[in-house]
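See below for the structure under consideration.
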Amino acid sequence: MLNHNLRGCGTWHRAWRLARELAGRGHAVTLWTAAPRHFYRPQRMTEAGVRIVETPSWAPLAGADDGWGPLDAAWRAGRALLDPHDLVYAFAHPPNVALPAFVAHRLRGRPLLADWCDWYAGGVFPKRERMRREGLIPPGEKFLQARAERWELALERRVMRAAGRLTVISRRLREVALALGRREAEILLLPNGANLDGIRPQERGACRRELNLPADAPLLGYIANYHPDQELMVRTLMRARERLPELRLVVAGPPLAPALIRDLHAREAVIELGRLPVDRMQIVLGAADALLLPLEDNEHNRARMPFKFTDYLAAGRPVVTSPVGDLADYFGDAAAPIGAAAPPKPDALAAAIAELFHDPARIEAMGHAARRLAEREFSWPRLAEQLERFIDQWLAKEK
Numbered sequence: 006m007l008n009h010n011l012r013g014c015g016t017w018h019r020a021w022r023l024a025r026e027l028a029g030r031g032h033a034v035t036l037w038t039a040a041p042r043h044f045y046r047p048q049r050m051t052e053a054g055v056r057i058v059e060t061p062s063w064a065p066l067a068g069a070d071d072g073w074g075p076l077d078a079a080w081r082a083g084r085a086l087l088d089p090h091d092l093v094y095a096f097a098h099p100p101n102v103a104l105p106a107f108v109a110h111r112l113r114g115r116p117l118l119a120d121w122c123d124w125y126a127g128g129v130f131p132k133r134e135r136m137r138r139e140g141l142i143p144p145g146e147k148f149l150q151a152r153a154e155r156w157e158l159a160l161e162r163r164v165m166r167a168a169g170r171l172t173v174i175s176r177r178l179r180e181v182a183l184a185l186g187r188r189e190a191e192i193l194l195l196p197n198g199a200n201l202d203g204i205r206p207q208e209r210g211a212c213r214r215e216l217n218l219p220a221d222a223p224l225l226g227y228i229a230n231y232h233p234d235q236e237l238m239v240r241t242l243m244r245a246r247e248r249l250p251e252l253r254l255v256v257a258g259p260p261l262a263p264a265l266i267r268d269l270h271a272r273e274a275v276i277e278l279g280r281l282p283v284d285r286m287q288i289v290l291g292a293a294d295a296l297l298l299p300l301e302d303n304e305h306n307r308a309r310m311p312f313k314f315t316d317y318l319a320a321g322r323p324v325v326t327s328p329v330g331d332l333a334d335y336f337g338d339a340a341a342p343i344g345a346a347a348p349p350k351p352d353a354l355a356a357a358i359a360e361l362f363h364d365p366a367r368i369e370a371m372g373h374a375a376r377r378l379a380e381r382e383f384s385w386p387r388l389a390e391q392l393e394r395f396i397d398q399w400l401a402k403e404k
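Basically the working numbering = 1-based index in the sequence shown + 5.
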């Protein structure tokens, strides 16, 4: 299994959970991921039955998490030529994934399975271009990033076309894959699972005491590795506070944009906890009354399934979001609602939040329904079983 991210970041979580489940089902699984601390040499370890190789992440011209490390790509290509793997599973397409995948597939004839969980051409790169125009990316990095994206656009298409089978995270990406010439039978829709063991419903008061949060204030929770829709989120919060003056947002992750907080006078409305270990996420989520997932209606969001969504469900708290992409499917059950989905406008989302907080009993019922949905639809063992069956049927046809 090939992952371009640093261990513990981004798509690592998707690859890691599938690797664990497949290893538990008796498969010998090796997961290559970029090392968060070792820049020039690989490090090997075995966890939960998975052989993990942290590959050299030195990247002088790009971020270490972007998959452009020259030592990384070269080391992986060499091992792909030598190691006795029966199948290659490529998560995304950056050079440290595409190069070893093509070596194993084209030079050694290994079956290639590709996972598509972010649409770079239609979502990620246009979003970056807007950030470059707005001056949110340093000038030197802007130039290199734009040049690298030209290569990645080609790599994304080539990996998705070369693979014998595809797993995709959303219906939108399945549509794109079909437009690229893939057949329906070659594609498995595989959403993100929920961390049902690592995130369990918690007692709200105990979580607030542990984090030193206000005991009785209405709290929204939000966790993230980055904040693509933070302006929508903060504007929504400030509109909601017009109806609920004591409402505050608890954020675990990197800092929100200081200028945004300043311009919207939101400093007193936001409690920023900073980056916390993964095993603390259930405490953060458990401290909240409801959980906020801001999503603008754009191609980037239509094509993905945020890990936040399934983490929020696992925490047993109502989710407030917008019906963008596949998330719309989960907010139509009037008998067992899991939260509120409103158009991605501050006024609409604020109204949904205010309505939710005026009925504490409804909040509790929605939280229970959210956890049940996570257990029913998003368990990693269930998803890994679907993946295993998909691979077995494919390889049986290849014989």
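Where a beta carbon is used, it is the ideal one built from N, C-alpha and C, also for glycine. These numbers were taken from a predicted model, which means no experiment stands behind them.
message = Quick check: what's the CA-CA separation for glycine 169 versus histidine 90?
response = Computed Cα separation, rounded: 16 Å.
ask   = Who are the Cβ neighbours of cysteine 14 in its own chain at under 7 Å, not counting the five residues just before and after it?
value = Asp70 and Asn230.
Alpha-carbon to alpha-carbon, aspartate 294 and arginine 205 = Straight-line Cα distance between these residues: approximately 15 Å.
inquiry  = Is the beta carbon of alanine 119 closer than 8 Å to that of alanine 95?
reply    = Taking 8 Å as the cut-off, the Cβ atoms of alanine 95 and alanine 119 count as close.
query = Curious, which full-length beta strand (DSSP E) runs of at least 3 residues does the region 168-225 contain?
reply = Correct list: 170-173 and 192-194.
query = When the Cα atoms are used, what is the spatial distance from arginine 248 to arginine 214?
reply = About 26 Å.
key: Residues near alanine 222 by beta carbon distance below 7 Å, same chain, minus five either side   = Only Glu251 and Arg253 meet the Cβ criterion.
request  = Return helix, strand or coil for asparagine 303, following the three-state DSSP convention.
outcome  = Correct three-state label for asparagine 303: coil.
request  = Please go through the same chain and pick out, in chain order, the residues whose beta-carbon is closer than 6 Å to the beta-carbon of leucine 278, but skip the five residues on each side of it.
outcome  = Correct list, in chain order: Ala257.
query = Should proline 100 be labelled buried (16 or more other beta-carbon atoms within 10 Å of its own) or exposed?
reply = Burial call: buried.
query = Straight-line CA distance for valine 324 to alanine 345?
reply = One C-alpha to the other measures close to 6 Å.
inquiry  = Below 8 Å, how does it come out for the region 325-335 and the region 302-314: are there three or more Cβ pairs, yes or no?
reply    = Put simply, the region 325-335 touches the region 302-314. At least three CB pairs are less than 8 Å apart.
query = Can you tell me where the alpha helix (DSSP H) with leucine 252 in it begins and where it stops?
reply = In the DSSP assignment, leucine 252 falls outside any alpha helix (DSSP H), carrying neither H nor E.
Leucine 296 vs arginine 322 beta-carbon contact at 8 Å = Taking 8 Å as the Cβ cut-off, leucine 296 and arginine 322 qualify as a contacting pair.
task = Can you say whether leucine 218 is buried or exposed, counting buried as having 16 or more other CB atoms within 10 angstroms of its CB?
result = With 16 or more Cβ atoms within 10 Å of its Cβ, leucine 218 is classed as buried.
key: Option nearest proline 196 by Cα separation, candidates Trp399, Trp37 and Lys313   = Per the Cα distances, Lys313.
query = Are leucine 27 and glycine 198 touching if we call contact CB-CB under 8 Å?
reply = Against a cut-off of 8 Å, the Cβ pair of glycine 198 and leucine 27 comes out as no contact.
ask   = Distance, Cα to Cα, asparagine 200 vs isoleucine 368?
value = Computed Cα separation, rounded: 21 Å.
task = Please state if the CB of alanine 33 and the CB of methionine 6 are separated by a distance shorter than 8 Å.
result = The criterion of a C-beta distance shorter than 8 Å is not satisfied by methionine 6 and alanine 33.
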